[in-house]
Amino acid sequence: MGAEEERPTAGTSPGGIEASGAGLGEISPPAPCVMVIFGAAGDLTHRELIPSLYELASKGLLPEPFAMVGYSLGDYDDESFRDAMRKSVQEQCSFREETWRHLAGGLHFVAGDFKSEDGYRRLSKRLEEVRKQRGIPDNVFFHLAAPPPFFGPIVEHLDASGLARAEDGWRRLVIEKPFGEDRSSARELNGRIRAVFDEEQIYRIDHFLGKETVQNMLVFRFANPAFEPIWNRNYVDHVQITVAEDLGIGTRAGFYEETGVVRDMVQNHLLQLLCMTAIEPPVTFDASSLRDETVKVLQAAEVTPFDPERDAVRGQYGAGTEEGRDVVGYRGEDDVDPGSTTPTFAALKLTLDNWRWEGVPFYLRTGKRMKRKLTEVAIQFRPTPHLMFQVDDRDDLSGNVLAFRLQPEEGILQQFVAKQPGPTIRLRSVTMNFGYATAFGVEEPPRAYAWLILDVMEGDQRLFARSDWIDHAWSVVDPLIDCWESSAPSDFPNYEAGSWGPAASDELLARDGRSWRAL
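With positions in the sequence shown counted from 1, the corresponding number in my numbering is that position plus 53.
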């Protein structure tokens, strides 16, 4: 073999997975615009939004020119705000001074209350100054990173101040979860927002949909003819969706005590993953067609509602051990009621009443303080009807599983049965692992929020929830919330921190002769 043949290509991973291209696909930066963050002094801005802007800047994907104006209560001025954001970026990103200087020059801060008319007047004036100074047209999007009770008042103040209208450009609104507290409040909030913004201007964000693997689930299934024909009840035994977090609630006790695991995770993240897994082929990959099909998945889930008493399990973590250190239980966290009945874990079994998925159970689980941080969608295919090979224990063979790993390392795992080397036929389960970063040679792919912010700048709504999806999602989980809030659990805490959740979660699947995947 010649020396040239021995060199690995940029698209070859250590495991032998080869990609025909390397690096990020070619993308042109969007048109110049201004981003306004309401809640700029908060955790989300430090942890996700500014680091996402930095990552876009590092890849040359920010508009030119671009500016960000933060609005919040706080003692910041422009310089102190930039200093605080610099520290956040240094903690989370591979820091380069030149990239930071380029981004920081467009960062500004306006101090103000979310309900203060004077604050919105100052914000309006500052926006005009920044746009004129940097030569940016009248293109502005507002990112509501504020507490949910302020969503409605912020929108109404944007309307009253004139900020919601563009003379010669566009306005867009990005709203964080949770969108409402139940179906009724979500409809009320949507009415207040739609009185100011059209649906085409509203971006209800779920950062899970910005993850590469979530989008690649659609590409994998619909662009590879080997898989779509078996993506149905004839070949799929069941589906497992796991969103596990190894951390506790941290400093979010006030939010979490009001929200709980169902509103925080199930109503949005898990149902979005369910829809992306079970969706019918859209006519085209555009916002209207894609979102039409995701709504149909929830409608199929509503036909035969699940029984919260039989098909759902709740839990709350107790004290335990995480990575060799002792951690307190939920009730021992700062600012949590010592007798709190707020669930931090949920597992449920859903079925879809449609042709493709009739009789196929979808098992969903999510929780805090679990054994490890991991998000995965696993398709378990039906076992071979007749296995011609003699095996010692068929249960040792996990069969065919296709798993989409969303975090911590995005990729696809294909589990199948193979012959172990040797003179006799011995069957073993093996796993083929495709990792995005290694296969495509992308050392530092931008985070999910970065891609979604870029979509907002480009006016692409494909990966954002529409109002009717929100409505149906609440319809699915409202009975569960009502049931759990009307009957206090008697066994909390019922799982140890650092475990995979309460024993009742295993029993939920065991009743059907199944078990959770070993992760």
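We put the beta carbon where it would ideally sit given N, CA and C, even for glycine. Nothing here was measured: the structure is a model prediction, and the numbers come from that model.
Does residue i come out as helix, strand or coil in the three-state DSSP assignment?
i, result
"Val193", "strand"
"Tyr107", "helix"
"Leu405", "coil"
"Ile80", "coil"
"Ser429", "Note on identity: in this sequence residue 429 is Glu, with Ser being the wrong assignment. Residue state, collapsed to three classes: strand."
"Tyr309", "helix"
"Ala171", "Here residue 171 is Asp; the residue named in the question, Ala, does not match the sequence. It is helical."
"Phe359", "coil"
"Gly301", "coil"
"Thr65", "In this prediction, Thr65 has a pLDDT of 44, which is less than 50 and means its spatial position is unreliable; what the coordinates show is noted afterwards. Three-state DSSP puts Thr65 in a strand."
"Arg515", "coil"
"Leu562", "helix"
"Leu156", "helix"
"Phe232", "coil"
"Gln369", "coil"
"Ala456", "strand"
"Met54", "Model confidence at Met54 stands at a pLDDT of 38, short of 50, so the residue's coordinates are unreliable and nothing is read from them."
"Arg179", "helix"
"Phe398", "strand"
"Gly385", "helix"
"Gly554", "coil"
"Ser568", "coil"
"Arg286", "coil"
"Val319", "helix"
"Thr347", "helix"
"Phe261", "helix"
"Glu59", "For Glu59, the predicted model reports a pLDDT of 38, less than 50, meaning its position is unreliable; a value from the coordinates is still stated below. It is helical."
"Trp240", "According to the sequence provided, residue 240 is Arg. The question's Trp does not apply to it. Correct three-state label for Arg240: helix."
"Thr35", "The chain is shown only over 54 to 572; residue 35 falls outside these bounds and no answer can be derived."
"Arg225", "strand"
"Val314", "helix"
"Glu411", "coil"
"Thr295", "strand"
In terms of residue numbering, what span does the alpha helix (DSSP H) encompassing residue i cover?
i, result
"Ser520", "Ser520 to Ser539"
"Cys86", "Not the alpha helix (DSSP H): Cys86 falls in the beta strand (DSSP E), residues Cys86 to Phe91."
"Ala594", "With the chain represented from 54 up to 572, any question about residue 594 goes unanswered, as that position is not in the structure."
"Phe275", "Glu265 to Phe275"
"Asp379", "Segment Arg378 to Val380 is the beta strand (DSSP E) holding Asp379; no alpha helix (DSSP H) there."
"Tyr502", "Ala501 to Glu511"
"Ser133", "Asp131 to Gln145"
Thinking residue i and residue j are a contact (beta carbons under 8 Å), I'd like their distance in whole angstroms, please.
i, j, result
"Arg409", "Asn277", "Actually they are not in contact, since the Cβ atoms of Arg409 and Asn277 sit about 17 Å apart, beyond 8 Å."
"Ala110", "His155", "6 Å"
"Pro201", "Asn321", "Wrong, their Cβ atoms sit about 12 Å apart, outside the cutoff."
"Tyr552", "Gly373", "Note on identity: in this sequence residue 552 is Ser, with Tyr being the wrong assignment. Going by Cβ atoms, the distance from Ser552 to Gly373 rounds to 7 Å, so yes, they are a contact pair."
"Ile432", "Val289", "6 Å"
"Ile294", "Leu417", "5 Å"
"Pro358", "Pro532", "6 Å"
"Arg274", "Glu281", "6 Å"
"Ala347", "Trp522", "According to the sequence shown, residue 347 is Thr rather than Ala. Their Cβ separation, rounded to whole angstroms, is 6 Å, which keeps Thr347 and Trp522 in contact under 8 Å."
"Glu29", "Ala550", "Here the chain comprises residues numbered 54 to 572, so residue 29 is not present and cannot be evaluated."
Start and end of the beta strand (DSSP E) containing residue i?
i, result
"Gln467", "Gly464 to Lys472"
"Pro486", "The residue asked about is misnamed: residue 486 is Asn in this sequence, not Pro. Its beta strand (DSSP E) spans residues Leu480 to Gly488."
"Met163", "Strictly speaking, residue 163 in this sequence is Val, with Met absent from that position. Looking at the DSSP string, the run of the beta strand (DSSP E) that includes Val163 is Leu160 to Ala164."
"Ala331", "Not the beta strand (DSSP E): Ala331 falls in the alpha helix (DSSP H), residues Leu324 to Ala331."
"Val249", "Neither: Val249 is in no beta strand (DSSP E) and is coded neither H nor E."
"Ala120", "Phe119 to Ser125"
"Gly420", "Phe415 to Gly420"
"Arg257", "Ile255 to Arg257"
Is the distance from the Cβ of residue i to the Cβ of residue j below 9 Å?
i, j, result
"Glu462", "His260", "no"
"Met138", "Ala164", "no"
"Leu572", "Arg425", "yes"
"Glu429", "Phe469", "no"
"Ile246", "Val193", "no"
"Gly420", "Ala563", "no"
"Ile506", "Tyr383", "no"
"Ala217", "Val249", "yes"
"Asn486", "Leu466", "yes"
"Ala400", "Gly566", "no"
"Ala354", "Leu403", "yes"
"Gly368", "Tyr107", "no"
"Phe517", "Leu262", "yes"
"Glu229", "Leu97", "yes"
"Arg515", "Asp390", "no"
- Query: Is it a yes or a no for the segment 497-516 touching the segment 200-216, going by three-plus beta-carbon pairs under 8 Å?
  - Reply: no
- Task: Take every Cβ of the segment 383-399, pair it with every Cβ of the segment 538-550, and state whether three or more of those distances are shorter than 8 Å.
- Result: Yes: the two stretches touch, three or more of their Cβ pairs being nearer than 8 Å.
- Touching or not, the segment 236-256 and the segment 514-530, by the rule of three or more beta carbon pairs under 8 Å? yes
- Message: So, does the segment 80-93 touch the segment 115-131, judging by three or more C-beta pairs under 8 Å?
- Response: yes
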